Structures are given as C-alpha cells and as structure tokens.
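Heads up: the sequence lines are chains C and R, in that order. Counting in this note's numbering, the first sequence runs from 35 upward without gaps. Counting in this note's numbering, the second sequence runs from 1383 upward without gaps.
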Amino acid sequence: MAEATYKPIVLSTPEREQEAGSLSKRVNRDLVTVALLGALALIGCSLFNVWAHQQVISLGYEISQMSQEEQNLLKENKRLRLELAALKSPRRIENMALKELGFVNPQKEQLIIVR
Amino acid sequence: MKPPPKTWLRFRIAFLLCLFSILFLIVLARAYQLQVVQSKKLAALAERQSRGIIHLVPRRGIIYDRKREEMAISLEVDSVFVQPAKVANILEAARKIGPVLAKKPPSLLKKMKEDKPFVWLERGITPGQRAVIEKLGMEGVDFLKETKRFYPQGETGSHVIGFAGLDSRGLEGVELAYDEFIRGEPGYILISKDAFGRAITPEDPGFRHSAEGFEIILTIDKNIQYIAEKELKKSVQACSAKGGMAIVMNPKTGEVLALAIQPSFDPNRFSLFPPQVWRNRTITDTFEPGSTLKIFLLAAALEDRAAATSDVFFSENGTYALGGKVIHDIHKYGWLSLGEIVKVSSNIGAIKVGQKLGREKFHRYLKSFGFGLRTGIDLSGEVPGYLPAPQHWSEVGLANISFGQGASLTALQLTTALSAIANGGVLMRPYVVKAVLGQQGDVVKENQPRAIRRVISPQTARMVASILKTVLEEGGTGTAALPSGYEAGGKTGTAQKALANGRGYSDQHMGSFIGFAPVDNPQVVISVIIDEPQGISYGGVVAAPAFKGIAEQVLPYMGIYPKGVTYLAKGAPLNPCGEEQKIFGPLAQAKAVEVSEEPGIMPDFSGKSIRQVVQTAQRLGLDLQLVGSGRAIAQSPSPGRVLQGNTKGVVRFQSPI
C-alpha cells in the first residue's frame, strides 16, 4: 500500500521535541476528557431518547390493546343484553310458568292488591 | 526506500477529492429526487405502510319498547365466504364445512362451483362455528365482520318493528320509517402500524367514533303486545279464520300500545315468510267495517241533535224494501229506541237514523272522525281508505253506509275514531314511536300526543259511551266481550267482504269487536278484527272473546283492577303506644294457639303467610294493616281480643331468609 511506504519529514531537534511533547500531551489529555464527556452525554441523551420513544410505543401498544379489550367487552355486554332480553320474553316466561311449573292465572277473588 | 514523488501524491489527493465529490453529488441528487421530486408519492406510500385505517361498520340503534326493554339489537357477527379459485379441493371443503353450517354439502358445492371470485357461504355465523371452520385451516375460506340485527322478542311486535336486511337497511315497520335515525354513520379509526402491521396507537385527529344509530323508544308495551297477540291467535285458531288484527290504543294520547296481526312472522328469519305476511295490514289493507260504523252514526245523530236517546225508530219487523232492494235484520224488531238500535245492532233501525241525519251531515261526521283520510301514523305505507262523496250516495248507498257497508277503512282508522269517543270527543293522531334518543341519552326527536280536532262534544261522547255499555249487557250483541269485574263499552260488527274486483260481495265475512274500558274513564281502546272466520262469523262470537281476554289481562297490568279484589294498606309502622302486641318467636314455628274463629276477633296469625292472613281477615271481617313481608311475626291486638270499631289490627311480617 502507498501509506505503508510513506514517512513524514520531521524537522526538529530532540530538545524541542521533548518540550513540545509534554505540552501537547497535556492538551491532548484535556481534549480527550472533554471529548469523552461529550460522547458520554451524547450517548446518554440518545439512550434516553430511545428509551422514551420505546416507552411511548409500548404505551401505545397497551392503549390499543386496552381499547380493543374495551370494544370486546362492549360487544360482550351487548350480546348478554340480547340474551337477557330473549330470556325475559313474556312468551317464554308464561310457557315456563304454565307448562313446566304448573302455575295458573289467579282468579280475581284471589287477587290481593297491596299498596 | 525512495519517497514517492510529490506529483503522485497530489494526483492521489485530487483523485480522492473528485471521487468523493462525485459520490456526494450522487447522494445529493438522489436526496433531491426523493425529497422534492417524488416526495408526495413516496409520502403516500409510507403512509399506507405505516398507517392503517380501521373502518367501523355503522351499527343500527337499539329499539326499545315503552318500558325500555330491548326489541331490536345489532351485533357484530362473522360471515364466512369462499374464493373458489383458491380452494384446493372443493369437494372436501364442502364436505367439511357443510355440517358446521348445518347445510347439505351438495348445496355448498353448488355455490362454490359458481363462476365467481367471491361467494358467501353463510352470513351471520356464531363465534363457535367460526372457530370450528378456522380450525379446518382451509385455503380460500375466510371471514368478514358484519352487523346483524337481532329481535330478542321474536314474533312479538314484529309488524310494528319491521326488520332490517343484512346490509343494515330498514325494510319494514319502524325500522323502515325511522331508518335515517336508526342507521347511523360509518366511522373509522386512523392508526399507526409497526413493521409487522400491528396497530400501535390510535391517532387523535384520525378518530371518529363508531357512529351507532340513534335509539328508538316505542309506544308499544312488550307485555301488552304479547297479550294481544296471544288472544288474537287463540280467536283466529278457534274459528279457523284466515287471519286477524288487534290494536290496543291509549285513547287519551293516541299511543299504540299493541298492534297484533295474524298470521305473524319472526323478524329474525323474515325471509322464510311470504312478503304479504310482513305487511302491516292494520294500515295498508281496507275493509268494510259493518255494524261497528253504527257507533259513528249514533255519535253524529246525537251531536247533530238529529235524534235523541229517547227517540224511537220503526225497524219494519226485520224486512225493509228500499230502492229496489230488500234489507233484512237477523232478528225481527218493531219499534226500537236509538240506544236499542245500537244494542241489538238493527240494520233497518240504523238506516232510519241515517235517513233522519241526511247524507251530507253523516258524511261530514265520518270525515271528521278520520274516515277516508290517513291517520298520520308514523309508519310508511298507510292508505286513506275509501269514503264516497255524499253526492254519490244513492238512497241504497246511504242505507248501506248506515250499517257499515259501501265504505272501506283501515283497522287503525276504526281504532283511532273510537278513541276519539273514548277521549271525550277529541281525535288524536296515533303514533308508535315515543322518542328518538342520541348515544348519550339526549332526546333527538320526541313525539308528543297531538290532537287533530274535536269531533263531538264531551256530553255526546258520554252518551255514546253509555249506549255502547249496553251492548255488552244482557240482550246486547257483545255480551261475550264483557271483561269480568269491569264495565266496558263496545260494538260488534259482521261485514260481508267485498270481492277483489269491487263488484259485489263474497260469502266470506269480517267479524269484529271494537270497544274500550273502563267505561267511565277509558284507559284502553281495543279493536279485534277476525278475517274470514269459518262457521259462525258474528263479531260477537268470533271477536268479542279476544276483546274480553285482552282487557282482563291488560287492565290489571296497567294498574286498573277488577271489582272484587282486595286492597290492602301496607307500610304503616306498628304503633308502639297502641294496643298490646303479641310478639311470636323468631319466625314462629310455634303452632297457632287454638282461637275459635269468630267475626271481629283476632285469631292467632303466628307464622302465617300474607295470603293466609288476608283470607282469614276477609272471612272474619277484620280490618288489618300489614307491615313487611314473609311470615307473621307479631300482631296487635293479641289473639282472642276483639278488634273494635274503626281501629285497625296490625300484623307484622318478616322474611324467613
């Protein structure tokens, strides 16, 4: 590769090199700290954002599940109301009373009106 | 190693720069293309993928009776369909699905072989059926949600309620007349969907509630309706008639409390009945009423002072020649008073009254009672009937109309007109829907009782009522109609049915009885019409018993009790400072002390039921006050003591549970 054979030309004396080296090291360390902190903050923010988004979505699922359940319950309620109405039909009740239970309609002498 | 020449380095840098610039430009161009050029189309595509719309089928509103009992409800049901092209083995599919739907496999096979991309196998199946078919896991067989109308009362009230078809459209009765209210609007929900197409959350602005239709409250009472249907059916069967009609109306308001027609049909399975059975014949079919029309002749004559109750008319001893025709009475009568003409239903007597009143006036009153005009009931398909103009009445024509032939009217007109008499002379508009309610119970539309006009004065109405009362008394034609324990008024009618071609009469009859009870303060008007009874066809024989049956059951239900029932005061507390009390043990199992039953002396009531106590009290003439319910636990005065003067004895009851 071309990069492998490439060597930068450095024009400096060993003393200057040492001096500059210690300074640049300090600057580098500060920079790295700041960069690290920044990256951490960024990651933290992103994670929070993702988490919040996730929460919204999962709540959304929950809501739609609940409203589905509500719909189902309403449907069930209506079905039961229908069944109740059918069971309360006077034809059915009179039939049961007269035929199955052997009731008879009261004579008017037997009527006692309590009021 | 020799360092590379500077020019080579420059070239490489320039090359990379160009390369990345070109790549970047391509990205930019693509971005422009996507974001600007195709943005609309793509946005729509994305929308379609990530958002969904759930259609909410409009559900028809519930129909209630006047006491808020459900008469019609819509439920979501599954319908199973098949796409024949997708089915691998049609024969096997038909064989497997057939038993689940209780259908014969050949009939299913025939459906599946039809050259259609989509065939309904069955609409409105149960969740159980769906589960079984789903388990079969057959390709090409699928389900759709539909709403289906259910009528929990079955036949009861079917002619008033009508029915709605599977496409959720009202086809008959109130379902048709109030369809715009009941039908409701289709709604929808916009939702976001995830990559798997699951609903995430309903989006706020994209939500329109399942617009269920408005709810209807009828004037019909489920129980009165049932009673009317039951009694009518009994009468129709008793005389092997072709059919019959019965209407129960509140004369003070014009509310129709029951409207029964035989033969009847079950709106849950309306398609199994012939369409002529669906028809509400009380408003769509006319008939010649016969003698029931004499009521209105009587009212007109009295109101117009053409005749007084004391006036007498000669009934020609049963045979009267008029305009080349001979008119007969069933029984021969000589001189009859106005009241007697109605009581014994003399045709010749009625003709004489009609002649005295005159055709113009008679016609004016009949019109005023609503004959020949639609009543304005809130149902569709009503006909006005036929009342010929007086200038076209010949001498025989006037005679005919005097006893109810030659004019045709509907059962509802007849009932409404009689209601005017029962209502002190004011004709009310009949109606079957009390109110239309919104989803939150708010009143969208309300039908109030509406007076159309005053036809006769209250005095005349009272006089007519008292004459109609005699019809049900000894010697009248309607004795079989008298409800036991009540005073009622009414009139029998037996009419020959006109031939369908309008020329002459058949030998079939319409037997009818229309009346009201109680006479002094009418709460119900009941009309019963029996179509083509076989054998004896007199209204007093075929229709009167149904009137009696309906009145005897409906009146107590409405809180109007027959004479002869016992009333009891209830709820007054035991008076602690009064007579000494005898308190039995808790739920006295103790045997009653033998106290000889003597009138006016308190026996030992311990452990007795209310019924037993009341019967004993009646027998001994004791005036008692009852507290609580269950078994007697205390009484005052003590057993063996005399209940004096006006003081009331008290018995306290407690439930054993």
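Built from N, CA and C at the ideal position, the CB exists for glycine as well. Note that this is a predicted model, so its numbers are computed, not measured.
Is the number of C-beta pairs between the segment 1652-1671 of chain R and the segment 1842-1856 of chain R that are closer than 8 Å three or more? With a cut-off of 8 Å, the segment 1842-1856 of chain R and the segment 1652-1671 of chain R do not count as touching, because too few Cβ pairs lie within range.
Reduced DSSP secondary structure (H/G/I, E/B, other) of R:Gln1926: For clarity, residue 1926 of chain R is Ala in the given sequence; the question names Gln instead. In the structure shown, R:Ala1926 sits in a helix (DSSP, three-state: H, G or I).
With 7 Å as the limit, tell me which residues of the segment 1887-1907 of chain R have their beta carbon closer than that to any beta carbon of chain C; keep them in chain order. Along the segment 1887-1907 of chain R, none of the residues has a CB nearer than 7 Å to a CB of chain C.
Strand pairing of R:His1710, partner residues [DSSP]: According to DSSP, R:His1710 shares a beta bridge with R:Thr1701.
Who pairs with C:Leu57 in a beta bridge, going by DSSP? According to the DSSP secondary-structure assignment, C:Leu57 is paired through a beta bridge with no residue.
Would you kindly check if the distance between the Cβ of R:Met1810 and the Cβ of R:Pro1840 is under 8 Å? Contact: no.
Where R:Val1906 and R:Val1523 are concerned, what is the direct C-alpha to C-alpha distance, given to the nearest angstrom? Going by the C-alpha atoms only, they are around 55 Å apart.
What are the partner residues of R:Met1631, as DSSP defines its beta bridges? Bridge partners of R:Met1631: R:Val1638, R:Val1907.
Three or more beta-carbon pairs under 8 Å between the segment 1513-1533 of chain R and the segment 1415-1424 of chain R, yes or no? With contact defined as three or more Cβ pairs closer than 8 Å, the segment 1513-1533 of chain R and the segment 1415-1424 of chain R are not in contact.
If distances are taken between C-alpha atoms only, which option among R:Val1923, R:Met1631, R:Val1542 comes closest to R:Asn1805? Closest in C-alpha terms to R:Asn1805, from the list R:Val1923, R:Met1631, R:Val1542, comes R:Met1631.
Please confirm whether R:Val1462 and R:Leu1503 have their CB atoms less than 8 Å apart. By the CB criterion at 8 Å, R:Val1462 and R:Leu1503 fall inside the cutoff.
Please name the residue, chosen from R:His1774, R:Arg2034, R:Phe1753, that lies closest to R:Ile1665 on a Cα-to-Cα basis. Nearest Cα to R:Ile1665 within the set R:His1774, R:Arg2034, R:Phe1753: R:Phe1753.
Proximity of R:Ala1681 and R:Tyr1768 at Cβ, strictly below 8 Å: Not in contact: R:Ala1681 and R:Tyr1768 (Cβ atoms no closer than 8 Å).
Establish whether the CB of C:Glu104 and some CB of chain R are separated by less than 8 Å. The beta-carbon of C:Glu104 is placed no less than 8 Å from the nearest beta-carbon of chain R.
For R:Val1735, count neighbouring C-beta atoms within 10 Å of its own C-beta (all shown protein chains included) and say buried if the count is 16 or more, exposed if not. Buried.
C-alpha distance - R:Pro2019 paired with R:Val1724, whole-angstrom precision: Roughly 56 Å between the two C-alpha positions.
Exposure of R:Arg1565, with buried meaning 16 or more beta-carbon neighbours within 10 Å: Classification of R:Arg1565: buried, given that the 10 Å Cβ count is 16 or more.
For a contact defined as C-beta to C-beta under 9 Å, what are the partners of C:Ala125 on chain R? Reading off the sequence shown, one finds Arg at residue 125 of chain C, where the question assumed Ala. From the beta-carbon of C:Arg125, the residues of chain R found nearer than 9 Å are Gln1535, Gly1536, Glu1537, Thr1538, Tyr1608, Glu1611, Lys1612.
Below 9 Å on C-beta distance, what does R:Tyr1939 contact in chain C? By Cβ distance, chain C contributes nothing, its closest Cβ being about 10 Å from R:Tyr1939, past 9 Å.
Which term fits R:Cys1621, buried or exposed, when burial requires 16 or more other beta carbons within 10 angstroms of its beta carbon? Its Cβ being crowded by 16 or more others within 10 Å, R:Cys1621 is buried.
Using a Cβ cut-off of 9 Å, pull out every chain C residue sitting near R:Gly1360, in sequence order please. The structure shown does not extend to residue 1360 of chain R, since chain R spans only 1383 to 2039, so no value can be given for it.
Have a look at R:Met1892 and R:Ala1683 and give me their C-alpha separation to the nearest angstrom. For R:Met1892 and R:Ala1683, the gap between their C-alpha atoms comes out near 26 Å.
Closest Cα partner of R:Ile1455 within the set R:Ile1598, R:Met1494, R:Gly1480: Nearest option by C-alpha distance: R:Ile1598.
Could you pull the start and end residues of the alpha helix (DSSP H) that R:Gln2007 belongs to? Careful: R:Gln2007 lies outside any alpha helix (DSSP H), inside the beta strand (DSSP E) at 2006-2009.
Buried or exposed by the 16-neighbour rule on C-beta atoms within 10 Å, applied to R:Tyr1949: With fewer than 16 other Cβ atoms within 10 Å, it is exposed.
Would a check of beta-carbon distances place R:Phe1525 closer than 8 Å to chain C? No, R:Phe1525 does not count as interfacial toward chain C.
For chain R, is any of its Cβ atoms less than 8 Å away from the one on C:Glu157? No information on residue 157 of chain C is available, as it lies outside the stretch 35 to 149 that chain C covers here.
Could you check what DSSP says for R:Met1494 in three-state terms: helix, strand or coil? DSSP places R:Met1494 in the helix class (H, G or I) of the three-state scheme.
Let me know the beta strand (DSSP E) ranges lying completely inside the segment 1481-1540 of chain R, each 3 residues or longer, listed in chain order. Those beta strand (DSSP E) runs which fall completely within the segment 1481-1540 of chain R and span 3+ residues are 1501-1507, 1523-1532.
When the distance is taken between beta carbons, is R:Leu2006 closer than 8 Å to R:Val2024? Against a cut-off of 8 Å, the Cβ pair of R:Leu2006 and R:Val2024 comes out as no contact.
Sort R:Ala1899, R:Ser1727, R:Ala1411 by Cα distance to R:Ser1719 and report the nearest one. For R:Ser1719, the nearest C-alpha among the options comes from R:Ser1727.
Tell me, which residues are paired with R:Gly1893 by DSSP? Answer is R:Thr1876, R:Ile1912, bridged to R:Gly1893.
So R:Lys1873 and R:Phe1669 are in contact, right, with Cβ under 8 Å, and what is the actual spacing, rounded? Not a contact, Cβ separation roughly 15 Å.
I'd like the list of long-range same chain contacts for C:Lys142, defined as Cβ closer than 6 Å, with 5 residues on each side in sequence excluded. Excluding five sequence positions before and after C:Lys142, none of the CB atoms of its chain fall closer than 6 Å to its own CB.
Would you report the Cα separation of C:Lys122 and R:Val1765, rounded to the nearest angstrom? One alpha carbon belongs to C:Lys122, the other to R:Val1765, and they sit about 35 Å apart.
Taking a Cβ distance cut-off of 7 Å, strictly less, list which residues of the segment 64-89 of chain C are near chain R, in chain order. Taking 7 Å as the cut-off between beta carbons, none of the residues of the segment 64-89 of chain C comes near chain R.
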